[in-house]
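Take a look at the structure set out below.
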Amino acid sequence: MIRIVWGPASLYSGLPEGLSGHVEILPGVPYPTFRLMIILAGLLVAVLIYVIVAKTRLGMLIRAGASNREMAGALGVNIRMLFNLVFGLGASFAGLAGMMLGPLTSVEPGMGEPLLILAFVVIIIGGIGSIRGAFMASILVGLVDTLGRVFLPMLLRSMVADSTADGVGPALASMLIYILMAGILVIRPRGLFPARTG
C-alpha cells in the first residue's frame, strides 16, 4: 500500500525549524539540536517501556504471556488481544523511530531493514527478553561502532594509503560489532543481562 500510494522513490524532509540549530554541550563543542532531541526521545521511550513492562499489570500480563502462553490463557488472559496490543505498541515505536530518522536520511519503503540485523545483535548481546540488557547492549554497540568508524581509519592510515584506510576502516568497524557479539557469547552464552525466568 505504501508503494502504491507514495511510490517506491525516496522522500526527503527537512529538519523542523525549531530543531535545526546547534547546542553547545561543552564550550566550543556544538551538537545538533535534532540529534540531541533524538537521544532524549530514545531515553524517554526506554524508560516508558521499562515502566510498562516491569511496573504495570499490563507488563505482568505481557511477561506471563511471553513466558507461558498456555498457562496465561488458562488463567483467563486473552492472549490474542494481548499480543495484538504488543504488536501495536511495537509498530507505534517503529513509526516514531522512522519519523525521527526521516530528516536525517530519507523516507522510503523498507527504510528500517538495515537496522534489523543490528537490533538482533543488540538483543543477543544484552540477553533475550531483558530490557536492561537491550539498553546496555545498545549503548555498547553504538560506542564500539562509532569509535571504530572514527579511530580505525586513523590507525590504518599509519599502515596503508589514506584512500585504502578510508575504505577499509568503516568495513572493519562494522565487523567489530559482530566480533564483540561473538566474544560476549563465548563468555556469557545467554547475553550480558539474561532475563530472569522461573
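At position 134 of the sequence shown (counting the first as 1) the number is 973 in the numbering used here, and the numbers step up by one without a gap. No residue lacks a Cβ here, since even glycine has one placed at the ideal position from N, Cα and C. This structure is a prediction, so every number in the text was calculated from the model and none was measured.
Three-state class that DSSP yields for residue i in the structure shown
| i | result |
| --- | --- |
| Pro1009 | helix |
| Leu943 | coil |
| Pro855 | coil |
| Leu991 | helix |
| Leu883 | helix |
| Val1025 | helix |
| Pro953 | helix |
| Ile967 | coil |
| Val868 | strand |
| Val862 | strand |
| Leu850 | strand |
| Gly972 | helix |
Rounded C-alpha distance that separates residue i from residue j
| i | j | result |
| --- | --- | --- |
| Ala1034 | Ala958 | 17 Å |
| Leu914 | Asn923 | 18 Å |
| Gly972 | Pro992 | 30 Å |
| Phe1032 | Leu995 | 34 Å |
| Val890 | Ser1002 | 48 Å |
| Val886 | Gly846 | 36 Å |
| Leu943 | Gly857 | 15 Å |
| Val989 | Leu935 | 28 Å |
| Val960 | Arg908 | 26 Å |
| Ser997 | Ile1018 | 23 Å |
| Ala893 | Ile970 | 9 Å |
| Val983 | Ser931 | 28 Å |
| Gly968 | Ile901 | 11 Å |
| Ile963 | Gly927 | 23 Å |
Integer Cβ distance of residue i from residue j, believed to fall under 8 Å
| i | j | result |
| --- | --- | --- |
| Gly949 | Arg1029 | Between Arg1029 and Gly949 the Cβ distance is about 31 Å, and since that is not below 8 Å, they are no contact. |
| Gly937 | Gly951 | 7 Å |
| Gly941 | Ser852 | 5 Å |
| Val855 | Val862 | Looking at the sequence itself, residue 855 is Pro, so the reference to Val does not match. In fact, because the Cβ distance is near 15 Å, the residues do not count as touching under 8 Å. |
Completely contained alpha helix (DSSP H) runs for the stretch 908-934, where each covers 4 or more residues:
908-913
Quick test of the definition: if touching needs 3 or more C-beta pairs under 8 Å, does the stretch 965-979 touch the stretch 858-877?
no
Contact between the stretch 1006-1022 and the stretch 900-920 (3+ Cβ pairs under 8 Å):
no
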